[in-house]
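Numbering (this note's numbering), first residue to last: 7 to 286.
And the structure:
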């Protein structure tokens with residue numbers, strides 16, 4: 007049965023020209039993240055809260071382009087026109103999350119490079135490609151013109167704790183919280199065997215078909231357009247600008263910056279000490 011399945015994939019691959027020397031594909035993904043914004047009990051004017059929530063929405067709804075071949079890929083945010091006065095990625099919130107980086111994967115060598123901006127500084131994370139223990143299921147659904155099959159996996163993640171950042175309090179506060187929270191979450195992916203490359207958006211890969219949709223507890227990434235062997239080929243090139251660090255080193259830098267940001271908020275963040283109108 008397995009040999010038949012492999013033979014079937016080979017036929018499909020031949021049909022789409024995937025084993026051609028110059029094979030390339032381009033997938034467009036829409037990513038949406040839902041964030042539960044907790045201001046830590048701070049008395050912030052309603053108009054300011056609305057402004058913050060709007061900036062968070064802008065920072066957490068993005069469109070990406072995945073350009074891939076048989077073994078490498080580059081995942082980049084789609085360029086878009088910004089309205090006057092707006093900063094790319096939702097301003098401060100984009101810098102806080104380190105979002106918007108170009109994510110390069112080489113599944114053959116098992117390496118990845120990602121360019122991240124964090125508080126105005128550029129970092130180039132160069133490390134071993136993370137793997138997930140995917141469990142393949144029989145459930146399927148239609149995504150565009152493709153039949154996609156379900157796969158699940160679990161992973162441990164760390165995320166910025168927005169409540170800890172916005173909450174006022176001293177170092178000896180018994181209710182002090184960590185700047186990052188760690189927990190185990192389930193990842194659900196839908197992959198298309200009709201496109202038998204083990205690529206996907208961002209850090210995701212390792213399934214017997216292109217990942218068309220993936221979601222965790224707060225983010226959904228959905229492929230909205232797929233072009234195989236486009237007329238105009240694009241160069242799949244790893245990012246090379248920024249301070250080179252490992253993922254562990256970058257995580258520590260990020261944690262230290264979050265702690266520094268929390269301290270700034272605790273001291274008033276440049277606003278009125280003890281007042282309700284300070285700008286977070």
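We put the CB at the ideal spot given by N, CA and C, even for glycine.
Counting along the chain, no beta strand (DSSP E) covers residue 77, and no H or E run does either. In chain order, 112, 113, 114 place their CB closer than 7 Å to the CB of residue 77, counting only its own chain and leaving out the 5 sequence neighbours on each side. If you draw a straight line from the Cα of residue 159 to the Cα of residue 149, it comes to about 20 Å. Between the alpha carbons of residue 243 and residue 200 lies a distance of about 26 Å. Cβ neighbours of residue 141 within its own chain (closer than 6 Å, five residues either side excluded): 158.
By alpha-carbon distance to residue 83, the top candidate from 139, 207, 250, 191 is 207. Note that the C-beta distance between residue 70 and residue 245 is not below 8 Å. DSSP places residue 122 within a strand segment (E or B) once states are collapsed to three. Taking the CA atoms as reference points, residue 218 sits about 7 Å from residue 198.
CA-CA distance, residue 162 to residue 224, rounds to 14 Å. With contacts defined as CB atoms closer than 8 Å, residue 79 and residue 227 fail to qualify as a contacting pair.
Around the Cβ of residue 146, a 10 Å sphere holds fewer than 16 other Cβ atoms; the residue is exposed.
Annotation for residue 149: the continuous beta strand (DSSP E) segment containing it runs 141 to 149. Counting along the chain, residue 219 sits inside the beta strand (DSSP E) bounded by residues 216 to 221.
In the structure shown, residue 244 adopts coil according to DSSP, grouped into three states. Going by DSSP, residue 35 is part of the beta strand (DSSP E) stretching over 31 to 39.
For the set 135, 187, 264, 41, the Cα lying nearest the Cα of residue 211 is the one of 135. In this structure, residue 187 places its C-beta atom within 8 Å of the C-beta atom of residue 164. When only Cα atoms are considered, residue 131 and residue 260 end up about 12 Å apart. As the crow flies, the alpha-carbon of residue 29 is around 9 Å from that of residue 239.
Residue 153 and residue 34 do not touch by the CB rule: their CB atoms are close to 19 Å apart, not below 8 Å. Residues 164 of the same chain have their beta carbon placed closer than 8 Å to that of residue 257, with the five preceding and five following residues left out of the count.
Judged by DSSP secondary structure, residue 239 falls outside any beta strand (DSSP E); it is assigned neither H nor E.
Distance from residue 233 to residue 31 at the Cβ level is roughly 7 Å; contact confirmed, criterion being Cβ atoms closer than 8 Å. DSSP, reduced to helix, strand and coil, places residue 85 outside both helices and strands of the structure shown, so it counts as coil.
For residue 225, the enclosing beta strand (DSSP E) stretches over residues 225 to 234. One Cα belongs to residue 248, the other to residue 133, and the distance between them is close to 14 Å. The beta carbon of residue 252 sits closer than 6 Å to the beta carbons of 133 from its chain, once the five residues preceding and following it are set aside; these are given in chain order. In this chain, the beta strand (DSSP E) harbouring residue 131 covers 127 to 134.
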